[in-house]
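Residue numbers (our numbering), protein chains in the order written: chain X, 1 to 351; chain Z, 1 to 351; chain L, 1 to 351; chain F, 1 to 351.
Note that CB positions come from ideal geometry on N, CA and C, so glycine has one too.
In this text the structure is predicted, and so the values were computed from the model without any measurement.
Number of protein chains: 4
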Amino acid sequence: MVNVGIIGCGYWGAKHVRIFNTLPDARLTIVCDQDKEKLNQVREQYPYVARTSDYRDLFSDSVDALVIATPVSTHYNFAREALLHGKHVLAEKPLTASNKEAVELVKLAKKQNRVLMVGHTFIYHPAVDYLRQLIQSGELGEILYIDTARLNLGLIRPDVNVIWDLAPHDISIILYILDKEPISVRASGAAHFDPTVHDVAYLELKFDKEVLAHIHVSWLDPCKVRRVTIVGSRKMAVYNDISDSEKIRIYDKGINIPTDNDNFAGWPPRYRFGDVLIPFISNAEPLKMEGSEFVRCVIEGKNPKSDGWAGLRVVNILETAQRSLMNGGGHQKLRTLLPDSVPVSATPGGR
Amino acid sequence: MVNVGIIGCGYWGAKHVRIFNTLPDARLTIVCDQDKEKLNQVREQYPYVARTSDYRDLFSDSVDALVIATPVSTHYNFAREALLHGKHVLAEKPLTASNKEAVELVKLAKKQNRVLMVGHTFIYHPAVDYLRQLIQSGELGEILYIDTARLNLGLIRPDVNVIWDLAPHDISIILYILDKEPISVRASGAAHFDPTVHDVAYLELKFDKEVLAHIHVSWLDPCKVRRVTIVGSRKMAVYNDISDSEKIRIYDKGINIPTDNDNFAGWPPRYRFGDVLIPFISNAEPLKMEGSEFVRCVIEGKNPKSDGWAGLRVVNILETAQRSLMNGGGHQKLRTLLPDSVPVSATPGGR
Amino acid sequence: MVNVGIIGCGYWGAKHVRIFNTLPDARLTIVCDQDKEKLNQVREQYPYVARTSDYRDLFSDSVDALVIATPVSTHYNFAREALLHGKHVLAEKPLTASNKEAVELVKLAKKQNRVLMVGHTFIYHPAVDYLRQLIQSGELGEILYIDTARLNLGLIRPDVNVIWDLAPHDISIILYILDKEPISVRASGAAHFDPTVHDVAYLELKFDKEVLAHIHVSWLDPCKVRRVTIVGSRKMAVYNDISDSEKIRIYDKGINIPTDNDNFAGWPPRYRFGDVLIPFISNAEPLKMEGSEFVRCVIEGKNPKSDGWAGLRVVNILETAQRSLMNGGGHQKLRTLLPDSVPVSATPGGR
Amino acid sequence: MVNVGIIGCGYWGAKHVRIFNTLPDARLTIVCDQDKEKLNQVREQYPYVARTSDYRDLFSDSVDALVIATPVSTHYNFAREALLHGKHVLAEKPLTASNKEAVELVKLAKKQNRVLMVGHTFIYHPAVDYLRQLIQSGELGEILYIDTARLNLGLIRPDVNVIWDLAPHDISIILYILDKEPISVRASGAAHFDPTVHDVAYLELKFDKEVLAHIHVSWLDPCKVRRVTIVGSRKMAVYNDISDSEKIRIYDKGINIPTDNDNFAGWPPRYRFGDVLIPFISNAEPLKMEGSEFVRCVIEGKNPKSDGWAGLRVVNILETAQRSLMNGGGHQKLRTLLPDSVPVSATPGGR
């Protein structure tokens, strides 16, 4: 049984409160928020959970593991202090507000021998797992490009721009399903309401061999869209997270370019049109799967799928995208994550 | 009555053959193609139209105006020669393969006092006209950004990349409905089949005041998409050209940011959700409207909506986008179109 | 403050438990179910609510009003006993298993001067209210016909057939928005799994002047459908309850038949095609609106929109439809609801 | 080479003119219409086709086979006279205006040894063929019910009601894919514009073993719908003819009812949810397939899929549905098609 404390009872925190109350191997013992009203709401539904407005109460012996669901800028301090107190940590995404902070947390967790996990919820989504297997099985062929869109009207935030708010979802999905490291990233966008906070942005990740991934995030779109299109050389897939029952469509279509040696090889290409398959996808709740993974890893001493490394990789991309955003939108090389001299686990990720 | 000749009877040329056979004030007198088979197809349906494989036959007195529907690289030569022979010219989009060529054609048409028109078909689409009026009436408020997608599986071309093939549609639509000149453009993409021919690309046009337009074009997508999303400060509109009967949706939704002077001004923003309107749009055929405009301008000596200037503006953007594509994808300033010293019409566009 | 007791904590009962815990003027004091497990679930979430497996405990002084959410066949006995004990009653739909039972309850409630309400939830749906106003305002013109479909795979029930299970929704919606009494009803269908329990059925209500309403209900359809199409002489409307944000579409289209006196009057008809409007509809929860109406009527001594009369009308139609179903599917006249001699309120419905 | 004449150049006739001009083994020699304008239109496109306003010109030696695309009430006379002149006949659907007429034509064609075919276009649709094979292969399991809808705003006709106009499509599809004879039929509807011409109608065909098919046809619906839903005991299929590229969806879902002998056998049923498959369907034009079948059967002396028998079966159902429509909407037994004493081919249909 893992005793869990939660800092922050806002949008995501409230969800964690509900989840950790249902996990068989976890016991939510205490929650912390500055807002009395939010604590009252927790009391009404879960009267047996302790409440505090002083986060230091979560470092007591009655807590084994901490969930941090506060604004991004505070993740580092809370996580650092928690690790120093020997607590396991699950921080909401993005892991930290900078590469430097993320590197330190990864090192610290390693040193303290504690679980450091980031809440990349979507990689616990059955549909995303399905996509990863689809790619790894070779059914899609060689992956040519990925195009994602995460759009909606609303939830403009004062503290981070739309890239830091929404793109962690898409970046973590892309890294997870492709299982590759990007070489460079670029970003551009516009800030219509607050000149320092971009509300619409376009990112691009370049991988080797002409593989690219394009990400569109926006707080200002008339339609709610959460879509990932994967174009492979053999088949193509679209993951539409908005659909209740038809999240994934696999299109058996593509282009066949003959590779004969004669003079006219390769032209014109032939198009292939076949069936569309909409596989049945379990409707298991991703956030619950994520919570279970955290609890399991704490108990078994394992590394979660979305460990500190995974969080660091995403933060590294976000930080580099931000640099591109500020500098004309050209591609920026991604820097190496950790100096060689630092002894970290050679095999990040528990998968 | 305008006597019309058509060079090139391929995909677009065949459409022009059909259109110019139905226009009341035009008479299609002769068509030209290198491919005998294509000429035979014309003969079967329109036995009274002359046929030739020598384009110089179109410069005879029996032709007043020429439609050029050949590969882009040949537009300049055909158009130049036609203008020199005193013919009016309608060239398919893009107008030319380079800025330099387009500038020369614009100047030559001016000097010869002939109509030079480019086939920006979509600006003759009733839905696009509707969007332009919607914007100009102020109903959408201030335009914040435009996002377009033109995707499909197929029609990979050997001669031009996907930017030159598909983006002229979107660029001409954006320029027409916004009625503004962009300041800079960027592009990136990937070339999966022929390393010199990009098959997927993303462009971005920056206008003043944080207005941007993003264009996604692809020959490699599982779904056919032709969509323009316009986000205004008061309302938002989506133009879905794939839909038969519901091409435009106007969303009465947006974000209200208070502008009071007190300390808490502007935060949090308030979201507004209202009705959606799907206006009835005439199903007039854009290519026929375009043909009529050409004939009318020839007869009346007017400047068409999509005149040489409009064609030049699009080519200028394409050429600059290409430069960005080749140089890391950063924004590139758009150069001024014509040197000041050249005396051209001060009011381009006949609208 | 109205003290409420709930009999039956199944699918609908559990929802009522939640709702009546949130209504400001109601206090849920006690719930009753035969199933210990269900009572435990209530205790976990609402420890302060009393629990019993003996329904007679709900007739104590601590209960003013009863919600009956048990199988249809038991409604009559529970409602009757509750009214005799002076309790107000809200029974789930359909009100009773027979016309005769419903008539008795209506009379009894009248005699006891207590509120008798039936849970026709959909008439508390903002979208249904919108439709009613649309019709009453004359915007749709004369109503020509209504077509509804309520389909899904699942929830086959052992006690009642699909007509008694699903059609009360559609019948109550139709009566509410048309505000007319049907003259006859017919039904047919098929019973594939249990020969005595129809799992797919088609009903038709005939009103005066060629107005008809057709209802399709099915437990055996691949797609979840909840749709009401209203065809008026001026406009048409579709209510799609499955859609999250676009529940109602109003089509400004129709047929104009000239009514001149000359010989060719009326032919050919002219078709009119105009805009489509998707009005913004509040997402207030219908069941909560229904609960509020019950509480308000108990406090103020008013008649609810879905009073016993409304319940009786629906049961009368169901019973007659059942007779048609058993007798070849022809139209059956609807019998008059109450003998003249019975003194009941002349103005049913509190609206 | 079959020489073909066409009577009637209206909506369907014009399509046949186009089709028979493209079939390799047919030559369209002459067309007939009362409307000079329509003949002129034919001349413009097909100057080599003879034109007449006297249908008797089609009985000359230059015509082997006749296509009848005139109003239903005239089919019988034209077809009878043509058969008597030794011509093969393809008549538009429905074959005739009455059972009696259809029986006579079937007998006459038999006697004259000529092909008598009815234009049940949809049974030549690749999607309908796919459905038939799907059912016959057993993949859907036992067929439980079929529900169809053919709705639109428009094309109200003065001569026949919506049942005779639209239902032949659905009836011919249902008979073709089920390959069963119905036992009874019912119909009801409403006539809003002309009291003798129903504009919306609902039909039901009952087959043995609780199999039923329900047909909704309407000239008065805001949305264009052409849908066939087939519910099988193992899988379910939906054929949506409006969709360009996704005409058929096969749902691997259903209800498993255990059939054990113990007390609780059969309850509760278990629901099964699996993949959805959208098979690739060729976009061959059904009317062209139909024309080819006619030509092939004339040349080879074969019986077409939609022979006179097939036409008669549909007319029989229409006539009986009409009787139900006029008599309260109850089920009417379908009478036996031909008296035993008449010697006709024992194996109708060339399949």
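Of the residues the options, which one's Cα is nearest the Cα of residue i?
i	options	result
Trp219/X	Pro222/Z, Leu203/Z, Ala190/Z and Tyr271/Z	Tyr271/Z
Gly311/Z	Lys209/Z, Leu83/Z and Pro168/Z	Pro168/Z
Val49/F	Asp64/F, Leu66/F and Ile30/F	Ile30/F
Ala65/Z	Glu81/Z, Leu334/Z and Ser324/Z	Glu81/Z
Asn161/Z	Arg226/Z, Ile146/Z and Val72/Z	Val72/Z
Pro126/F	Val315/F, Gly8/F and Ile173/F	Ile173/F
Arg394/X	Ile19/L, Gln45/L and Val4/L	Only positions 1 to 351 of chain X appear in this structure, which leaves residue 394/X out of reach.
Ala191/X	Leu203/Z, Lys209/Z and Ser188/Z	Lys209/Z
Ile156/F	Ile123/L, Val118/L and Pro269/L	Pro269/L
Pro195/X	Leu325/X, Lys15/X and Leu28/X	Leu325/X
Pro47/F	Gly10/F, Asn21/F and Asp35/F	Asn21/F
Ser292/X	Leu108/X, Gly10/X and Val67/X	Val67/X
Gly232/F	Ser184/F, Glu290/F and Asp147/F	Asp147/F
Gln353/F	Ala79/F, Arg132/F, Phe273/F and Ala187/F	Lying before the first or after the last residue shown, residue 353/F is absent from chain F, which here runs from 1 to 351.
Glu285/F	Ile123/F, Gln41/F, Thr96/F and Ala237/F	Ile123/F
Leu90/Z	Gly329/Z, Val298/Z and Leu277/Z	Val298/Z
Met1/X	Tyr145/X, Arg296/X, Asp307/X and Ala321/X	Arg296/X
Ala69/F	Tyr76/F, Val42/F, Leu58/F and Gly13/F	Gly13/F
Leu380/L	Asp307/L, Lys235/L and Asp54/L	Because chain L spans 1 through 351 in this model, residue 380/L falls outside it and cannot be assessed.
Express the C-alpha separation of residue j and residue i in angstroms, rounding to a whole number.
i	j	result
Glu181/F	Pro94/F	18 Å
Val197/L	Asp165/L	11 Å
His214/X	Pro304/X	27 Å
Leu203/L	Ile7/F	42 Å
Ser62/Z	Gly5/Z	9 Å
Tyr176/F	Glu319/L	37 Å
Phe207/X	Ile143/X	11 Å
Asn263/X	Phe193/Z	At Asn263/X the pLDDT is 46, less than 50, meaning the model places this residue with poor confidence; the figure from the coordinates comes in the next sentence. If you take the alpha carbons of Asn263/X and Phe193/Z, they lie about 17 Å apart.
Asp25/L	Gly301/X	52 Å
Arg56/L	Lys87/L	12 Å
Arg227/Z	Leu83/X	49 Å
Leu23/F	Lys288/F	8 Å
Gln34/Z	His216/F	54 Å
Using 9 Å as the limit for Cβ to Cβ distance, is residue i near chain A?
i	result
Gly291/L	Of the protein chains in this structure, namely X, Z, L and F, none is chain A.
Exercise. Could you tell me whether the stretch 237–245 of chain Z touches the stretch 242–255 of chain X, where touching means 3 or more Cβ pairs closer than 8 Å?
Key: no
Practice problem: Quick one: which residues of the stretch 235–253 of chain F get their C-beta closer than 7 Å to a C-beta of chain L? List them in chain order. | Solution: Met236, Val238, Tyr251 and Lys253
Quiz item: Is the number of C-beta pairs between the stretch 312–323 of chain L and the stretch 136–150 of chain L that are closer than 8 Å three or more?
Solution: no
Practice problem: Give the residues from the stretch 214–229 of chain L that approach chain F closer than 9 Å (Cβ to any Cβ), ordered along the chain. | Solution: His214, His216, Ser218, Trp219, Leu220, Asp221, Pro222, Cys223 and Thr229
Quiz item: Counting pairs of Cβ atoms below 8 Å between the stretch 140–152 of chain F and the stretch 94–109 of chain F, do you hit three or more?
Solution: no
Quiz item: What residues in the stretch 186–201 of chain F bring their beta carbon closer than 7 Å to a beta carbon of chain L?
Solution: Arg186, Ser188, Ala190, Ala191, His192, Phe193 and Val200
Exercise. Write down every uninterrupted run of the beta strand (DSSP E) in the stretch 160–198 of chain X whose length is 3 residues or greater and which is fully enclosed by it, in chain order.
Key: 184–190
Self-check item: chain F contacts from the stretch 134–149 of chain L (Cβ-Cβ distance under 8 Å)
Solution: From the stretch 134–149 of chain L, only Leu144, Tyr145 and Asp147 have a Cβ closer than 8 Å to chain F.
Self-check item: Entirely enclosed beta strand (DSSP E) segments - the stretch 199–241 of chain Z, minimum 3 residues
Solution: 200–206, 212–218, 220–232 and 236–240
Quiz item: Any residues in the stretch 272–284 of chain L with a beta carbon nearer than 8 Å to a beta carbon of chain Z? Which ones, in chain order?
Solution: Phe273, Gly274, Asp275, Val276, Leu277, Ile278, Pro279 and Phe280
Self-check item: Residues, ordered as in the chain, of the stretch 151–181 of chain X that lie near chain Z by beta-carbon distance below 8 Å
Solution: Taking 8 Å as the upper bound on Cβ-Cβ separation, chain Z lies near residues Leu153, Gly154, Ile156 and Pro158 of the stretch 151–181 of chain X.
Quiz item: In the stretch 96–129 of chain L, which residue ranges form an unbroken alpha helix (DSSP H) of at least 4 residues, counting only runs that do not cross its ends?
Solution: 99–112
Quiz item: What residue ranges within the stretch 243–304 of chain F form continuous alpha helix (DSSP H) runs of no fewer than 4 residues, ordered along the chain?
Solution: 286–300
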